[in-house]
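Residue numbers (my numbering): 20 to 561. Positions of the beta carbon are idealized from the N, C-alpha and C atoms, including for glycine. What follows is a short report on a single structure.
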Amino acid sequence: MKINKKLHSIALASIIMILFLILVSSMASAQTEPDHHNITPPEITDGTGNTSDDQVLPEDVSTEGNATESIQAATPNIPKTRITTHETASSPDIYGDKIVWQDNRNGNWDIYIFDLSAKTEIHTTNTTDQINPAIYGNLVVWEDERNGGHDIYVEDVSAKKQTRITKSGEAHNPAIYGNRIVWQDERNGISNIYMYDLSAKKETQITTSGTAYKPDIYGNIVVWKDERDGNNDIFIYDLSTQKETQISTSGIADDPRIYGNRIVWDTRYDYPSSIYVYDLSTHKETRISDVFSYKPDIYGNKVVYEDNRNDASGNTDIYMYDLSTNKETMITFEDLEDPENNPYQVDPAIYGDRIVYTKPQYPQGDIYMATLGSNLPVAAFSASPTSGSVPLKVQFTDKSKGSPTSWKWNFGDGKTSTSKNPAHTYTKAGKYVISLTVKNVAGTNTKTIKNYITVKTAPVKPVAAFSGSPTSGKAPLTVKFTDKSTGSPISWKWSFGDKTYSTAKNPVHKYSKVGKYTVSLTVKNAAGSSTKTVSSYVIVKK
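In C-alpha cells:
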C-alpha cells in the first residue's frame, strides 16, 4: 500500500543551503499543507545513463584479469498513459483499476478518482483542502481540513458515502488495508500511530512512543518510522499478537511501505539514500539500491522508487527492482531524451503491472501511468571455444530469455554482428570483452563478460638442439645433457645410444661401457616436432 506525503514547511532554516534540490525532489508533494517531518536531503547524481540497443561497449583488449560478468538494467519500452491534463495534480495511489490523487484545479485541494475500466473520473468537493489520499478496493481515505484541523475521512466509492474517522484535528498520512485505517495523530502534542476498524467502529492506539510517523498497513502488520532515542528506525506492530518489533537499526530509515511479508524503506537521512527490503519470514535485510533513491513502494516482487542518478541538477526518474530476478529497470527515461520538458518523475505507487507517478510542471503536475511489459528480454550467451591460439574461430550462441527479436554482438576487437548465433575469428592475441544486447517489443537488455575470450600467440614448430658435458672421458662417464631447442617445446625424448632413454628436459646419464655413442633428442609442441641426432657424440674410453 502507498501512503502519499507532503512537506510541512518549504522554508526550513536548517536546509536553506539546499532549498532548490528539496523543491525538486518534493515538487509534486509540496502543497498547501505539506507532510509533517518529511525532510528531503540533497540529491546528487552519479551520472549513470540508461542502456540502449545502440550502445557499443569498450573495444579494448585486456591482457590481465579473469572473466567477469555483468548484466545491465533492462531498458523497457513501457507504454505511458497521461491520466490528468490540468497540471494541478500530485500524490497518486492505485488499487486495481482505480487511481486516486489530490488536485487543486478548482482552487482548493480535492480528491479525484479515475476508473481505468469505466474511464470515468469522480472527485470529492469541499471548500477546504483534502489531501494525501490512499485507496483499497472501493474505499478511499484522505486528510481533510473541513473542520478547521486535519482529520481522516473515508469514502465508499460504490456507495458514494463519506465517513469522518477522527476528531482530533491533528491526523495525518492515512493508509488503508481492508477495513482498517491507520494514520499518525499529533493529539496532545506528540505523534503516535492510531488505527480505526470500520467493521468494529473502534479506534485503537498502536504506539506510545510519541515519535511515530508515516504508517502503512498490510494484513495484521502495521509499520511506521519512529524517532525514539533520537534515531529514525522502522518498527512494526502485529495486531494478532499485540507485539511491537524494531526492524531497522541504522538510525537513518524513513518512508516505510509493506506488502505481504516484505517491508521497504529508504535512508533519506543518509547520503546518498538507499532502498532496503526486510523479509519478515527470513528476518533478512537486503539493500537493493544505493544511488540517490527515495520514496519506495512495493507490490508483490516489485519495488518502485524515485532516483536521480541520471542528472546532476537533481532530476528524478522512476525505477523498479524485481526481487524475484534481482534486476533493476528504469521506468521513466523521458528526461534523458528531452530533459527540458521532462525534468522530474516523482511519487511512484504500484499495483500489479501498473505504476502511477507525478510528472511535475511547477508548482504541481499531472498523473501518469506506466504499464509494465510481461516479457522483458534478459541477455545471456555462451561461446566455444573460449580460449586458443591465433587464428581462433569462436562460435557464439544466444541463450537469452524473453524471446528477443534482434541481437547486437560486440566481440571486443572492433567487430560486431547482428546475427543470432554468429561465428567470429580472432586474429590477434589478447583477452576480449564480449557483450550482447537483445531487444524485443518490451525493451532491451545487455550482458557483458570481461576477458571472456583469451587468444594466445600461435605456437612455432620447435627446432631440436642440445649440448652435453663432458662428451668424452673414461668409464664410467657421467654426462649432463642440456636442452638448447627453440620454439618452446613442451615435451622431450632423449636417446643416449646405449638403449636407454629419458623424458627429462635436462637429464644426467652415466655411461658404464667403453664405446662411441650416438645421441638424439626429439622435442614437441602444439605446432609439431623436431629431432636432432649427433653420431659418436659421446666417447667413453678405458
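For residue i, the three-state DSSP class (helix, strand or coil)
i           : result
residue 552 : strand
residue 487 : strand
residue 287 : coil
residue 432 : coil
residue 148 : coil
residue 373 : strand
residue 544 : strand
residue 622 : Shown here, the chain extends from 20 to 561; a query on residue 622 therefore has no answer.
residue 96  : coil
residue 249 : helix
residue 328 : coil
residue 34  : Note that residue 34 scores a pLDDT of 32, beneath 50, so its modelled location is shaky; the value from the coordinates is reported in the next line. The answer is helix: DSSP assigns residue 34 an H, G or I state.
residue 585 : The structure shown has nothing for residue 585, since the chain only spans 20 to 561.
residue 334 : coil
residue 525 : coil
residue 394 : coil
residue 166 : coil
residue 85  : coil
residue 208 : helix
residue 308 : strand
residue 517 : coil
residue 216 : strand
residue 68  : For residue 68, the pLDDT reaches just 29, beneath the cut-off of 50, and the residue's location in the model is therefore unreliable, although a value from the coordinates is still provided. Residue 68: coil per DSSP, three-state reduction.
residue 293 : coil
residue 177 : coil
Range of the contiguous beta strand (DSSP E) that encloses residue i
i           : result
residue 191 : 190-196
residue 502 : 496-502
residue 312 : 312-318
residue 342 : That residue, residue 342, is in no beta strand (DSSP E); it is neither H nor E in DSSP.
residue 159 : 158-163
residue 133 : 129-134
residue 364 : Counting along the chain, residue 364 falls outside any beta strand (DSSP E), and DSSP gives it neither H nor E.
residue 411 : 411-417
residue 204 : 199-204
residue 106 : Element bounds for residue 106: n/a, residue is neither H nor E.
residue 407 : 406-408
residue 403 : 400-403
residue 3   : The shown model of the chain, from 20 to 561, leaves out residue 3, and the question about it has no answer.
residue 223 : 221-224
residue 180 : 180-183
Nearest to residue i (by Cα), restricted to the options the options
i           : options            : result
residue 156 : 499, 483, 503, 133 : 133
residue 365 : 325, 394, 390      : 325
residue 158 : 171, 146, 375, 323 : 171
residue 485 : 310, 525, 478, 255 : 525
residue 19  : 224, 246, 98, 228  : Residue 19 is absent from the model: the chain starts at 20 and stops at 561.
residue 131 : 386, 520, 304, 457 : 386
residue 483 : 470, 509, 460, 471 : 509
residue 559 : 545, 527, 496, 409 : 496
residue 343 : 376, 351, 320, 512 : 320
residue 6   : 367, 408, 328, 191 : Outside the displayed range of the chain (20 to 561) lies residue 6, so it cannot be described from this structure.
residue 232 : 190, 426, 197      : 190
Residue i and residue j closer than 8 Å at C-beta
i           : j           : result
residue 507 : residue 481 : yes
residue 212 : residue 370 : no
residue 566 : residue 266 : Because the chain spans 20 through 561 in this model, residue 566 falls outside it and cannot be assessed.
residue 440 : residue 416 : yes
residue 118 : residue 135 : yes
residue 322 : residue 296 : yes
residue 315 : residue 276 : yes
residue 317 : residue 281 : yes
residue 389 : residue 99  : yes
residue 553 : residue 538 : yes
residue 396 : residue 459 : yes
residue 376 : residue 111 : yes
residue 531 : residue 478 : no
residue 244 : residue 250 : no
residue 427 : residue 437 : yes
Sheet register partners of residue i (DSSP bridge)
i           : result
residue 101 : 387
residue 558 : 491, 535
residue 471 : Looking at the DSSP assignment, residue 471 forms no beta bridge with any residue, so it has no partner.
residue 257 : 240, 262
residue 440 : Residue 440 pairs with nothing; no bridge assigned.
residue 459 : 462
residue 379 : 384
residue 298 : 281, 303
residue 154 : 159
residue 235 : 242
residue 477 : DSSP, once it has assigned bridges, lists no residue as partnering residue 477.
residue 118 : 113, 133
Cβ of residue i within 8 Å of any chain D Cβ
i           : result
residue 346 : No chain D appears in the structure shown, which is made up of a single protein chain.
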